[in-house]
Structure formats: C-alpha cells, structure tokens
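To start, the structure itself, in structure tokens.
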Amino acid sequence: MAGHSKWATTKHKKAAIDAKRGKLFAKLVKNIEVAARNGGADVEGNPTLFDAIQKAKKSSVPNDNIERAVKRGAGLDGGGVDYETIMYEGYGPGGVAMLIECLTDNRNRAASEVRVAVTRNGGSMADPGSVSYNFNRKGVIVVPAEGTDDEAIMEATLEAGAEEVNDNGETFEIISEATDLVAVRTALQEAGIDYDSADASFVPNIEVPLDAATAEKVFNLIDVLEDCDDVQNVYSNADVSDEVLAELNGA
Numbered sequence: 046m047a048g049h050s051k052w053a054t055t056k057h058k059k060a061a062i063d064a065k066r067g068k069l070f071a072k073l074v075k076n077i078e079v080a081a082r083n084g085g086a087d088v089e090g091n092p093t094l095f096d097a098i099q100k101a102k103k104s105s106v107p108n109d110n111i112e113r114a115v116k117r118g119a120g121l122d123g124g125g126v127d128y129e130t131i132m133y134e135g136y137g138p139g140g141v142a143m144l145i146e147c148l149t150d151n152r153n154r155a156a157s158e159v160r161v162a163v164t165r166n167g168g169s170m171a172d173p174g175s176v177s178y179n180f181n182r183k184g185v186i187v188v189p190a191e192g193t194d195d196e197a198i199m200e201a202t203l204e205a206g207a208e209e210v211n212d213n214g215e216t217f218e219i220i221s222e223a224t225d226l227v228a229v230r231t232a233l234q235e236a237g238i239d240y241d242s243a244d245a246s247f248v249p250n251i252e253v254p255l256d257a258a259t260a261e262k263v264f265n266l267i268d269v270l271e272d273c274d275d276v277q278n279v280y281s282n283a284d285v286s287d288e289v290l291a292e293l294n295g296a
C-alpha cells in the first residue's frame, strides 16, 4: 500500500496548490451532478452526493456552483447532461499499470483524448481486463494528521469496517471495502474526527517501484491525463519512495 499512499498524499498536496483550479472545480461539480442524478437531491438519503459536496467544499468550490449542480443533476431546473462512466486501461513509463476513469457525455471524444495523452507521453493503451485485475475497489479516506493519531482513528472506525490505517506524515489514509466507505466516514464524524476526502478508489495489489527519472515521466503522464476534461481519476500501481519524491522535489 505504501506507493499508493504516497501517491495519494502527493496528489492531495498537488490539488491544494493546483493552478488549474477551474478544471478541478469542473470535475468536482460534474461529480455532484452525477451523484444527484443517480441518487436524488436529498443529501441525507444520498451518501454519494454528501461526499461529493464535502469534497467540493474542501476544495473551495462556491456554494452557488454546488447548489446549481445538485439541481441540474436531480432535474430540478430542466437542465443537466447525461454522463456515463468509462474506464480505460493502459501502461505508463516503466510498465506502470494505469486505470483511467472518465465521466463523459461523448464517448468518442473521451477515447480519443485518452489515447492521444497516453501514446504521446510514453505509455500505451491496453485491452479491457488486462490491467484492472491488478486493482481492488476500496474505500479510501484521507484524514489530516494534526489533532489525531492512528490509534484514535482505528479505534473509531474498526467496527465500521476499517481494514488499515496508513501514516503518510501529514495525513492518515484509512482503507476499507468500498461498501463500508459510508459507515467508516460516518464513524469518523461521530468521533469528531475531520477528514479531507472520502472516495471509492482503485488500490493496486502489486506495485512497481520507480526511480526518479521514470517517476517524473509517470507523473507527467498523469498530469496530462488529468488535464483532459473527461478524465475524472487516474489510478496507478507506481511505488514512489520518500527518497525518490525528495529527489524530484529537489530536496
């Protein structure tokens, strides 16, 4: 889990200082729309919508944008777009396995964008199923380390389904079955423990350790993919050590 944890932490830091905030907002708003379309506008009865809104708020998406997205998704204002989720599979530099999750209203556009991004940045597309077997669907919750510790987190969430807590330095990462995500998140709230994000994610079974040169290429590919309008999430089995991260950061 170490590589996944470090990459999750790196992504979290990157998102906090992302200059392309407009694209981040658009992706978060799209998540809200789809959650409202699939489960209705009632936040209490739609935990997916609750988490999508919380994530958007923590990324400073304006409340007006959030409210409009909920109404569009639930069909309360007659607008909205029909999105579908598509998962593409591929390999990045160094043989890193990648799952590329798209949320799109145009399947052909999404496929073209992903293929161009991957092939022009040292990767290759793969047949469906040839990469996904490397990953398990899990619940992943990121908790700020300040004000709590792993023992308190585990005590609060173990009975709700938490399987492990990873210490990433500035954050803790709680792993559970995807079906236990809402229960674990609720247990955190009831214990008064704040969290940064709660998502169903794809966690790799086997990781590929990368040197600095290869890690830089993989990060660049992920950046290019995440810059595509239709791409919502990119998952990889890259294992990037603290030493390699420090080298990339010029430490």
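For any residue, its number in our numbering is found by taking its place in the sequence shown, counting from 1, and adding 45. For glycine and all other residues, C-beta sits at the position ideal for the given N, C-alpha and C.
- For I131, the uninterrupted beta strand (DSSP E) run begins and ends at E129 to Y136, by DSSP.
- When beta bridges are read from the DSSP output, F247 appears opposite R182.
- As the crow flies, the alpha-carbon of I198 is around 19 Å from that of A245.
- N282 is the residue among E191, N282 and Y240 whose C-alpha sits nearest the C-alpha of Y178.
- Under a 10 Å Cβ-count criterion, K102 is classified as exposed, with fewer than 16 other Cβ atoms of the shown protein chains found around its own Cβ.
- Between the region 210-228 and the region 181-191, the count of C-beta pairs closer than 8 Å reaches three or more; the two stretches touch.
- Spanning the alpha carbons of S157 and E196 requires a straight line of approximately 46 Å.
- Residue D275 holds the alpha-carbon nearest to the alpha-carbon of T149 among V285, S175 and D275.
- If you draw a 10 Å sphere on the C-beta of T202, you find 16 or more other C-beta atoms in it, and that means buried.
- V279 and I251 have their C-alpha atoms spaced approximately 17 Å apart.
- Pairing G168 with G214 gives a Cβ-Cβ distance that is not under 9 Å.
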